[in-house]
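Chemist:
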Amino acid sequence: MPLENKTTMTETHAHELLQAAYESKEIDPFDLAAERWGPGDEMLEEAKSAADLLVSLRLARFSDEGRTRLAPTNAGRYWALHGGFLAFLKEEPEKAGGGRPKSPEAEALRAAYMALRLKTFWWSFGMSAAGFLLAIISLVVALACGESPHRWR
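According to our numbering, the sequence shown is numbered sequentially starting from 181.
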């Protein structure tokens, strides 16, 4: 099966999983695959990849430790009401990824501020290390050369 056709099938199965999870609040993707898509290892693998796709896009989450039950998230419920997974894919990439589109000016400013933060971090780290060394030297000098306070005697 060509890769493009397999990707389309995964997306179609993800759409079915999302809709079924929305309708029943929680589903077992493997049972759904056996019922709707037929038995076989290929269909179980397809159900697993479709469920993993929904979870990676945060449209659904696994609701048990064994990762066999799928429940829709708030975003998943929204998209199930507004056309399902296929409508989610048709949405603009900036909006589908969550958040607002990023302008090049904002990205350049963010990069400049990150560089300043990193420079400041190393200066503050160096000053802290120097202060620690001075405190250790002071402690050694006080214990070796100085008088000990009368509390310590």
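Here a beta-carbon is modelled for each residue, glycine too, at the ideal position from N, C-alpha and C.
Say whether chain B places a C-beta atom closer than 7 Å to the C-beta of Ser283.
Modeler: This model lacks chain B altogether; it includes just one protein chain.
Chemist: I need the DSSP call for Pro335, collapsed to helix, strand or coil.
Modeler: Nothing in the structure corresponds to residue 335, since the chain is present only between 181 and 333.
Chemist: Identify every run of the alpha helix (DSSP H) within the segment 242 to 326, keeping only runs that are complete inside it and at least 4 residues long; order them along the chain.
Modeler: With a minimum length of 4 residues, the continuous alpha helix (DSSP H) runs that stay inside the segment 242 to 326 are 254 to 261, 264 to 270, 273 to 276, 284 to 324.
Chemist: Compute the beta-carbon to beta-carbon distance between Trp217 and Leu239, rounded to the nearest angstrom, for a pair I have assumed lies under 8 Å.
Modeler: Their Cβ separation, rounded to whole angstroms, is 19 Å, which puts Trp217 and Leu239 out of contact at 8 Å.
Chemist: Mind checking which residues open and close the alpha helix (DSSP H) that includes Ala230?
Modeler: Its alpha helix (DSSP H) spans residues 221 to 236.
Chemist: Suppose the cutoff is 6 Å on Cβ atoms and the five residues either side in sequence are ignored; what does the same chain contact list for Ser229 look like?
Modeler: Thr190.
Chemist: Our contact map puts Arg257 next to Tyr202 with C-beta atoms below 8 Å; I'd like the distance itself, whole angstroms only.
Modeler: Confirmed, about 6 Å.
Chemist: What does the alpha-carbon distance come out to for the pair Gly264 and Ala292?
Modeler: Computed Cα separation, rounded: 40 Å.
Chemist: Would you kindly work out how many angstroms separate the C-alpha atoms of Phe268 and Ala200, rounded to a whole number?
Modeler: Distance between the alpha carbons of Phe268 and Ala200: 16 Å.
Chemist: Answer with buried or exposed for Leu233, where buried requires no fewer than 16 other C-beta atoms within 10 angstroms of its C-beta.
Modeler: Result: buried.
Chemist: Who are Ala240's beta bridge partners in DSSP?
Modeler: Beta-bridge pairing links Ala240 to Pro252.
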